[in-house]
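Q: I am attaching a structure below and will ask some questions about it afterwards.
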Amino acid sequence: MRNIPAPKALIGSVSGGPAVDRRSLGAVKGGPFACEEEFNKWQLEQLRDNTPLLNQDMYAAMHRTYHKIVFSHGDLGFHNIMIRDGHITAILDWEYAGWYPEHWDFCKSLQFLAGTDEHYQFGKKAFGKTYLGEFYMDTWFTREVKHGGW
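Okay, structure coming up:
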């Protein structure tokens with residue numbers, strides 16, 4: 692799935708429309724974006740107005756711009772994967788699919804189940820690589836964006 696080539700260099704929905712960032716209190720749309728730097732800047736614009744300046748600067752410094760842009764499901768959790776006899780038979784719910792930085796699905800798959808070892812082990816196996824720094828930053832970031840919560 693992650694090897695499906697993007698029709699053009701962009702970060703956004705599968706239709707070429709806006710990117711969707713879904714978190715605990717809802718979703719926001721923006722873009723599409725020509726590069727990860729633009730995408731990250733848009734994400735920073737989602738911070739609450741009362742986010743401390745130190746935290747704003749920390750998030751800006753921690754956002755990276757070197758990730759490959761890959762096809763992503765956007766909500767790849769156990770609730771969207773059908774398994775029979777130990778094999779994946781279907782992946783459901785593609786409404787958040789599009790082209791995103793390579794860490795996106797890893798972070799989004801753990802977003803609501805961060806404390807479960809089973810889900811983390813799934814993420815390690817499914818993606819062949821972990822994005823722990825990105826996930827750590829994204830977890831804290833979720834607490835301070837308007838559509839985040841906790």
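The sequence shown runs contiguously to residue 841 in my numbering. Here a beta-carbon is modelled for each residue, glycine too, at the ideal position from N, C-alpha and C.
1. Should Cys-726 be labelled buried (16 or more other beta-carbon atoms within 10 Å of its own) or exposed?
2. With DSSP run on the structure shown, which of helix, strand or coil describes Asp-796?
3. DSSP on Gly-717, reduced to helix/strand/coil?
4. Within 10 angstroms of the Cβ of Thr-780, are there 16 or more other Cβ atoms? Answer buried if so, exposed if not.
5. State yes or no: is the C-beta of Phe-724 within less than 8 Å of the C-beta of Gly-703?
6. Would you list, in sequence order, the uninterrupted alpha helix (DSSP H) runs of no fewer than 4 residues that lie entirely inside the region 694 to 761?
7. Return the CA-CA distance between Val-711 and Gly-721, expressed in angstroms with no decimal places.
8. What residues in its chain sit with their C-beta under 7 Å from that of Phe-797, if we drop five residues either side in the sequence?
9. From Trp-733 to Ala-697, what distance separates their C-alpha atoms?
10. Let's test the definition: count the other Cβ atoms within 10 Å of the Cβ of Gly-765 and tell me whether it reaches 16, buried, or not, exposed.
11. Taking the beta carbon of Phe-769 as the centre, do at least 16 other beta carbons fall within 10 Å, making it buried, or is it exposed?
12. State the Cα-Cα distance for the pair Leu-767 and Leu-738, rounded to the nearest angstrom.
13. Counting C-beta neighbours from all protein chains within 10 Å, is the total for Ile-760 16 or more, i.e. buried, or is it exposed?
14. If I follow the unbroken alpha helix (DSSP H) through Thr-833, where does it start and stop?
A: Once the coordinates are examined:
1. exposed
2. helix
3. strand
4. exposed
5. yes
6. 727 to 735 and 744 to 753
7. 7 Å
8. Gly-814, Phe-818, Thr-821, Tyr-822 and Phe-826
9. 20 Å
10. buried
11. exposed
12. 24 Å
13. buried
14. 823 to 833
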